[in-house]
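**Q** For the record, in the sequence shown the residue sitting at position 93 is 88 according to my numbering, with numbers rising by one throughout.
Heads up, the beta-carbon is just placed ideally off N, CA and C, and yes, glycines get one too.
Note that the coordinates shown come from a computational prediction; the quantities given were computed from them, not determined experimentally.
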Amino acid sequence: MSKNIFKFILVFVLLFCLSSSILFVFADTKSKLTTENTANDLTYADMESLFVGKIFINEDGKIKLKIERDLELENLLERCKKKGLKFGLALGSGSARGLAHVGVIQALEAYHIPIDMIAGTSIGSVIGSLYAAGASIDQLEEAALSMKKSKTFSLIDPTLPHSGLISGKRVEDMLSDLILEDKTFDDLRIPFAAVATDVESGAEVILNQGKLIDAVRASISIPGVFTPVKYQNYYLVDGGVVDPVPVDVVQKMGADIIIAVSLAKITPYTTVLMINKETGGLKEVEKSSVLQQKIEQVKSSFKGPSIFEVIIQTIDIMEAKITDQSLEGSDIVIVPFGIKDINLLDFDKAEPVIKGGIMATLINIPEIKRVIKEKLE
-4 MSKNIFKFIL
6 VFVLLFCLSS
16 SILFVFADTK
26 SKLTTENTAN
36 DLTYADMESL
46 FVGKIFINED
56 GKIKLKIERD
66 LELENLLERC
76 KKKGLKFGLA
86 LGSGSARGLA
96 HVGVIQALEA
106 YHIPIDMIAG
116 TSIGSVIGSL
126 YAAGASIDQL
136 EEAALSMKKS
146 KTFSLIDPTL
156 PHSGLISGKR
166 VEDMLSDLIL
176 EDKTFDDLRI
186 PFAAVATDVE
196 SGAEVILNQG
206 KLIDAVRASI
216 SIPGVFTPVK
226 YQNYYLVDGG
236 VVDPVPVDVV
246 QKMGADIIIA
256 VSLAKITPYT
266 TVLMINKETG
276 GLKEVEKSSV
286 LQQKIEQVKS
296 SFKGPSIFEV
306 IIQTIDIMEA
316 KITDQSLEGS
326 DIVIVPFGIK
336 DINLLDFDKA
346 EPVIKGGIMA
356 TLINIPEIKR
366 VIKEKLE
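#1: In the DSSP output, what is Asp233 paired with across the bridge?
#2: Nearest by alpha-carbon distance to Leu371: which of Leu202, Ala105, Lys78 and Ser44 is it?
#3: Among Asp243, Asp177, Met354 and Lys49, which has the Cα closest to the Cα of Glu199?
#4: Is Asn53 buried or exposed, if buried means 16 or more other CB atoms sit within 10 Å of its CB?
#5: Skipping 5 residues on each side, what residues in its chain have a beta carbon closer than 6 Å to that of Ile254?
#6: Three or more beta-carbon pairs under 8 Å between the stretch 80 to 99 and the stretch 325 to 339, yes or no?
#7: Can you tell me which of Thr116, Glu323, Leu103 and Ser141 puts its alpha carbon nearest to the alpha carbon of Asn203?
#8: When the distance is taken between beta carbons, is Met112 closer than 7 Å to Ala250?
#9: Work out the CA separation of Gly352 and Ile50 for me, nearest whole Å.
#10: Which of helix, strand or coil does DSSP assign to Ile62?
#11: Just the C-alpha distance for Gln408 and Ile215, rounded to the nearest angstrom, thanks.
#12: Where does Ala40 land, buried or exposed, given buried means 16+ other C-beta within 10 angstroms?
#13: In this structure, does DSSP put Glu199 in helix, strand or coil?
#14: Using DSSP with H/G/I as helix, E/B as strand and the rest coil, what is Phe46?
#15: Out of Asp209, Pro186, Ser44 and Gly89, which one is the CA nearest neighbour of Asp177?
#16: Restricting to Cα atoms, I'd like to know which of Asp181, Ser44 and Val190 is closest to Gly205.
#17: I'd like to know whether the C-beta atoms of Leu357 and Ala130 end up nearer to each other than 7 Å.
#18: From Leu37 to Tyr126, what distance separates their C-alpha atoms?
#19: Taking the alpha-carbon of Gly56 as reference, which of Gln134, Asn70 and Leu71 has the nearest alpha-carbon?
#20: Hey, Leu339 and Ala91: beta-carbon distance below 7 Å or not?
#21: In terms of alpha-carbon separation, which member of Val240, Tyr106 and Glu136 lies closest to Ile201?
#22: Give the DSSP-derived three-state secondary structure of Thr116 in the structure shown.
#23: Applying the criterion that 16 or more other CB atoms from any shown protein chain within 10 Å of the CB defines a buried residue, is Leu183 buried or exposed?
#24: Could you tell me which residues DSSP pairs with Val211 in its beta bridges?
#25: May I ask which residues mark the beginning and end of the alpha helix (DSSP H) holding Ala85?
#26: Measure the C-alpha to C-alpha separation of Lys59 and Lys350 and round it to an integer number of angstroms.
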């Protein structure tokens, strides 16, 4: 099963291994997305030192947790169970940064916080579907830690440009060979929904019935790179285009307490350019240092970005700008530590990414308890 799970996640690596290099420079920001703003003042190294002895690598190379029982939390969870309160998990898009979802789930499991339903967008749909289908944290982690980007190139099958540069047929063939080959949503141990986008109307499409593989394939289809997935009378692409963190979907599924995992890296502020009346050129009237750094990096390193870089970077910026809206309605927002240093292609950095998810979740345990108390009142 572990081998099959590795193959599944390997398929997703393909989506962001299509160009030789993509440069991203991100500034440290005090984002309102984090519940504990003071934690943003700490570096990744600071966080690691804070959890020395609690997060460690065992002799098998697995990331493990050693935490003390939280009797207050256990009592609150028991009261939630008696009252029938359900926990929902919304897993956001973000390519390699999405490996942090594994760490978030691992920490929630360690504290016995139930996951009663899951909605996922893009990489969130990959991790979410596997976990909902019964994959253990050890299996997901083993797959993530074993990933190598170079192995994905054999899956690329170029097609004549029409609605996408790559047909995705080899990806579909790979998916059909996996543990999820014949699974439908009805087979899952945890209710799950994947999010895609109707390319014609721009509508958000919630996929929660039929074959699981088809839903995940649609949710991870980068517009312009992979051909859209035909579903009934719709053509579907990556769900991150309209809903980077599917909080609204988890709400519709009936969650009472919603934990959202946001992988957005850049600030919601844009660079605004206006025509300079004197020179006829463009001048900045408002800018984000983050975007300015990104532009300067590209200018200094390339004569011009490749088509893949243009598509992927554009989507990344767009998703970051609409993340605030996606997060409306969430009770707890977890932003994994260290993602500002993780590029979209960094699937070989699974260990720090997973740890970042674990640490961010542990930091948010007091907030989770606070929210539960409010819901129980």
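**A** According to the data block:
#1: Ala191
#2: Lys78
#3: Asp243
#4: exposed
#5: Leu84 and Ile327
#6: yes
#7: Thr116
#8: yes
#9: 11 Å
#10: coil
#11: Not covered by the structure: residue 408. The range shown for the chain is -4 to 372.
#12: exposed
#13: strand
#14: coil
#15: Asp209
#16: Asp181
#17: no
#18: 31 Å
#19: Gln134
#20: yes
#21: Val240
#22: strand
#23: buried
#24: Answer is none; Val211 lacks a bridge partner.
#25: It is not in any alpha helix (DSSP H) - Ala85 instead sits in the beta strand (DSSP E) that spans Phe82 to Leu86.
#26: 10 Å
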